[in-house]
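The structure appears below as structure tokens.
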Amino acid sequence: MYPSSATVLSSLFVALIFVWMVVSPGVDVGIFPSFATVLSGNESFVAAPAAFGVFEGIDGVEGERDILVARGKIRQWHDTACGDGPTELTVDKEDIIVVGRGNCSFFTKIYNLQQSGARSVIVHDWTDEPEGHLVTMYAPHSSAKLIDIPSVFVSGKVGSRLRQLEGGDVSIFVNPERVSLLDSILFFVFSPMFSLVMIYGILLGHRYLRSRAERAPPALVKSFPVRIWTDDHATQDPREKHWGSHSECVICLEKYVDGESQVMTLPCEHEFHAECIKPWLIQQKRLCPICKRDVTITESTPLLSARPSPDIEQGPSDLGSRT
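Just so you know, the sequence shown maps onto residues -25 to -1, 1 to 298 in mature numbering (1 follows the signal peptide of the UniProt record, and there is no 0).
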């Protein structure tokens, strides 16, 4: 059996769901900030941009390299911004908040500060980890779109220094990594779920093509002779004596009705109800259900006999004659 249209459509639907899940993060797919830089006066600090929020140039123009996504005054946040401590006054719209990690998720912390009016958020660690070990902040997929300000993560040492610079000017730049078509393709190819979907699709396609190759051409099947069955039908063909005559269709197991049943004769001269054998040959197999002969074989087919040999194959009526 070849796969139905519903099966193929369901496979495509699964693939589309997977693509949607991958290409719908909180950050724009085309430009993903690979790293960030925090500038204050003559000092610059390495930061890790969050995997959610909006990282757009504040002037609406994207540069070739670094993009300025936030500019304002440094303000340190004295509690955790998790809603479990003293509530600070609403911040000025120009403030970029410096806050420590912990006590709640990154999403909760940044969302609370966003609601307070922060232009951007710098979350710092409490330990002095190397710059290469900075944490990338994530948020639940369903909640990521609620964040519309940029945020970055810095080490504990950088956080301490930024707190000392409170009130000073600070700018946050991101370096966008433009995702190429090749990178996107490689990501999908090596993704486990996508690979499983692809393998499933390939197997379905292979099964479908194989089933098509095993079926007989409709035009050929229509060319086979069809006659009205009669009980007094007889033939002098010696193969009839060997195979024995059949008065019922081996597909539906119903007897032929004298003067009514339309029977189709295959090249091997086995006969079946026309309405039974046509779907079998066109949709299932191109082989005779009795002798398994390929109905597409012709007299010109090399090295193959156009007629089955009784010495090689035996019919159902001959099975009981041998001991």
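Positions of the beta carbon are idealized from the N, C-alpha and C atoms, including for glycine.
All figures in this text were calculated on a predicted structure; none of them were measured in a lab.
Among the options, the one whose alpha carbon lies nearest that of residue i
{"i": "V13", "options": "I42, D41, I72 and V145", "result": "V145"}
{"i": "S130", "options": "S198, V74 and W204", "result": "V74"}
{"i": "L140", "options": "R76, R185, V149 and K48", "result": "K48"}
{"i": "D206", "options": "P192, F199, G234 and G180", "result": "G234"}
{"i": "G28", "options": "W204, L171, T240 and I85", "result": "I85"}
{"i": "S91", "options": "D70, S222 and V270", "result": "D70"}
{"i": "R268", "options": "A191, G180, P151 and V127", "result": "A191"}
{"i": "R187", "options": "L256, C227, F199 and D123", "result": "L256"}
{"i": "I72", "options": "F81, G58 and V98", "result": "V98"}
{"i": "N87", "options": "T111, L121 and L109", "result": "L121"}
{"i": "D54", "options": "K68, P254 and R76", "result": "R76"}
{"i": "V110", "options": "E18, K68, F81 and Q89", "result": "F81"}
{"i": "W101", "options": "S198, R136, C251 and T83", "result": "R136"}
{"i": "F199", "options": "F20, K253, V21 and S19", "result": "K253"}
Cα-Cα separation, residue i to residue j
{"i": "S(-2)", "j": "P115", "result": "Residue placement at S(-2) is poorly supported in this model, since its pLDDT is 46, which falls under 50; the coordinates still yield a value, given next. Between S(-2) and P115, the C-alpha separation is close to 12 Å."}
{"i": "L262", "j": "A194", "result": "16 Å"}
{"i": "S15", "j": "S117", "result": "34 Å"}
{"i": "residue 307", "j": "Y175", "result": "One cannot answer for residue 307 here, as it falls past the ends of the chain, which runs -25 to 298."}
{"i": "D41", "j": "A25", "result": "16 Å"}
{"i": "Y231", "j": "L178", "result": "41 Å"}
{"i": "V201", "j": "S236", "result": "10 Å"}
{"i": "A23", "j": "M168", "result": "28 Å"}
{"i": "H245", "j": "I265", "result": "8 Å"}
{"i": "P242", "j": "I272", "result": "9 Å"}
{"i": "V238", "j": "Q258", "result": "18 Å"}
{"i": "C79", "j": "G58", "result": "9 Å"}
{"i": "I226", "j": "T240", "result": "14 Å"}
{"i": "S170", "j": "G180", "result": "15 Å"}
{"i": "L184", "j": "F247", "result": "27 Å"}
{"i": "R138", "j": "A119", "result": "27 Å"}
{"i": "V270", "j": "C251", "result": "15 Å"}
{"i": "Q89", "j": "A11", "result": "19 Å"}
{"i": "Y113", "j": "N17", "result": "30 Å"}
{"i": "P151", "j": "G32", "result": "11 Å"}
{"i": "W52", "j": "H108", "result": "24 Å"}
{"i": "V127", "j": "V96", "result": "7 Å"}
Contact set for residue i: own chain, Cβ-Cβ below 6 Å, skip 5 residues either direction
{"i": "K260", "result": "E189"}
{"i": "V44", "result": "F30, P125, I147 and V149"}
{"i": "G134", "result": "H99"}
{"i": "C224", "result": "F247, H248 and C251"}
{"i": "W204", "result": "Y231, S236 and V238"}
Same chain only: Cβ atoms within 8 Å of residue i, ignoring 5 sequence neighbours per side
{"i": "D103", "result": "S130, G131 and K132"}
{"i": "G142", "result": "K48, I49 and R50"}
Residues bridged to residue i [DSSP beta-bridge criterion]
{"i": "G47", "result": "V145"}
{"i": "Q237", "result": "I203"}
{"i": "L14", "result": "S19 and S146"}
{"i": "L262", "result": "D269"}
{"i": "K230", "result": "E223"}
{"i": "H248", "result": "V238"}
{"i": "F128", "result": "A23 and V98"}
{"i": "I42", "result": "V149"}
Cβ-based neighbour list, residue i, same chain, cut-off 7 Å, excluding 5 preceding and 5 following
{"i": "S222", "result": "K230 and Y231"}
{"i": "R94", "result": "A45, G47, K68, E69, D70, I71 and I124"}
{"i": "T83", "result": "C57"}
{"i": "K197", "result": "none"}
{"i": "M173", "result": "none"}
Any chain D beta carbon closer than 8 Å to residue i
{"i": "A249", "result": "In the structure shown, chain D cannot be found, because there is only a single protein chain."}
Q) Considering only residues of the segment 60 to 99, which uninterrupted beta strand (DSSP E) runs meet the minimum length of 3 residues and lie entirely inside it, listed in chain order? A) Whole beta strand (DSSP E) segments, 3+ residues: 70 to 75 and 95 to 99.
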